[in-house]
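Written out below as structure tokens is the structure these notes cover.
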Amino acid sequence: MVGIVMTRRGFIDASGAASAASLAAIAVPALAVLEASSSARVMGQPMPDGVKLPSTPGRRKRADSVGIAIVGLGGYALNQMMPRFAETERTHIAAIVSGSPDKLQRVGDAYGIPPDARYSYEAYPKIASDKRIDAVYIVLPTGLHAEWAIRAFAAGKHVLCEKPMALSSADCERMIAASRRADRKLMIAYRSHFEPYNLEAMQLMKQKAIGDIRLVRTEQSSRMGPTSPSKNWRVNRALAGGGPLEDYGIYGLQSALYLTGEMPESISATTFRPTGDARFAEIFAHVSSQWRFPSGAVAQLVTSYDSAGVNFAQVRGTAGALMMDPATSYSGQKMRLEGRDARELAPCDPTVQFARQLDHFADAVRDNVVIRTPGEMGLRDLRLIEAVYASAKAGRTVSLASDGSVRR
Ligand code: NDP
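The sequence shown begins at 482 in my numbering and counts up one residue at a time.
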């Protein structure tokens, strides 16, 4: 799993060696006390490491294939998602949007994107009149999701938006309102909802394969190499919010919700940020929270950008346990049941998650299929993230309303 995380995030210290930064500890209780060094604005970046461009462009398979403009040609778009379009039934890459003229040319040539379907950010409004584009896929740093999604709705396009949906519930609400005004679809790219291991885990929990759920533990951690907010958007408050929870811990947050099938009624959280470490000048190093559900189940969610890589989810019930490690990777998932029905589980290749997610979006656009991961789900999760930070700031447990917002 560590390798997978490292591939996806160039900044992670591959050796796991200690950074030179001081770890003199102070507890910084609230996101609100962290200052952003800059505002969120688009800025083209060089070609990421390790990108293998296709030797032959993909072809659309169906006449009603949904034409998608990729917005932001970064590591995840180029290494993971764009190659997967060839595996989909009903989507194709119709256009690319980037701040890098070099990538527009190289990626455009490799994927067979016509020159007049390669857009700079300045030219983005012109997608409105480009009939080849049905939808956009926002793969920008998170602090830019809201603005570029709302502009896509203004251009009359459907939107598939990467996780997390945005950096505040207020921005999520603006995105949902824009989608409704434009009468266009909004889907959040929560790929685990299309991944066979996680789908099977959801089913098993519904069927009470481990009895009644009592405890959930999730951890998503990785160790980043030396960096700073000006060099890396993931440690820049304006683009990444509080850091690891929004980026990586959100998988644990999601797991806790879809495995229990409940919303928490209270959250108690703590955050940590070392002093004198440029990586954590604007974001947290660790975020830990404890959730209580109406059934009495308790969840512990831990996420970190400064500890050795792990990605697991464990659920313990009255008759056994479900162990997922790694739980939500791109590939290589492992899952087993312990207790009453003990066995290893290997549903099918986890890598189908990418194409299935894209085809689900296409089915929503073309056939009005109900979206499994709608904007409302992204909004719910941002409310819970805000509740985590509110609890840490207040230094006490916060009670939640049924929509995940903090009860005043
Ligand atoms: P990268 O840093 O690799 O790429 C981001 C791209 O966004 C850049 O290459 C650049 O593209 C564009 N960009 C525009 N403005 C900026 C800016 N100010 N700073 C940096 N980049 C900018 O990020 P990722 O691809 O890893 O992440 C992008 C999104 O995808 C995030 O929302 C992240 O949470 C999500 N993600 C989801 C994953 C999943 O498993 N679902 C996994 C990894 C990421 P260009 O040069 O073309 O303009």
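Note that beta-carbon positions come from the ideal geometry of N, C-alpha and C, so glycine has one too. Quantities reported herein were computed from a predicted structural model and do not represent experimental measurements.
Asked                                                                                                        : Found
Among P538, T569, A658 and R632, nearest to Y592 - alpha-carbon criterion                                    : P538
Which listed residue (L696, C642, E819 and N560) has its alpha carbon closest to that of L782                : L696
Proximity below 8 angstroms, CB of T878 to CB of S770                                                        : no
Beta-carbon separation (whole angstroms), E727 vs I866, contact threshold 8 angstroms                        : 6 angstroms
Neighbour-count burial assignment, P775, 16 or more Cβ in a 10 Å radius                                      : exposed
Whole-Å CB distance - A843 paired with V547, under 8 angstroms assumed                                       : 4 angstroms
Cα-Cα separation between N713 and A690, rounded to whole angstroms                                           : 43 angstroms
Buried versus exposed call for A576 [16 or more other C-beta atoms within 10 Å across all chains shown]      : buried
Inter-stretch contact at 8 angstroms, needing at least 3 Cβ pairs: the stretch 702-713 / the stretch 856-872 : no
Under 8 angstroms between C-beta atoms of A873 and T751                                                      : yes
Own chain residues within Cβ distance below 7 angstroms of V552, not counting five before or after           : V578, V617, Y618, I619, V620, L621 and W629
Distance between beta carbons of Q795 and F675, contact taken as under 8 angstroms                           : Contact doesn't hold; Cβ gap of about 22 angstroms is too wide.
Residue nearest to A567 in terms of C-alpha spacing, selected from V833, R661 and A627                       : V833
Neighbourhood of A505 by C-beta, 7 angstroms cutoff - its chain only, sequence neighbours within 5 removed   : Note that A505 scores 29 on pLDDT, short of 50, meaning its location in the model is unreliable and no value can be drawn from it.
Close Cβ partners of S518 (< 8 angstroms) along its chain, the five nearest in sequence each way excluded    : P710, S711, N717, R718, A719, A762 and E763
Span separating the alpha-carbon of H626 from that of K815                                                   : 32 angstroms
Inter-residue spacing [alpha-carbon to alpha-carbon] between P831 and R672                                   : 10 angstroms
Three-state secondary structure assigned by DSSP to P710                                                     : coil
Endpoints, the beta strand (DSSP E) within which Y618 is located                                             : A616 to I619
Straight-line gap, Q586 to S880 (C-alpha atoms, nearest Å)                                                   : 52 angstroms
Alpha-carbon spacing of M528 relative to R853, whole angstroms                                               : 32 angstroms
Simplified DSSP assignment, three categories, for A846                                                       : Looking at the sequence shown, residue 846 is not Ala but Val. Looking at V846 - three-state DSSP - the assignment turns out to be helix.
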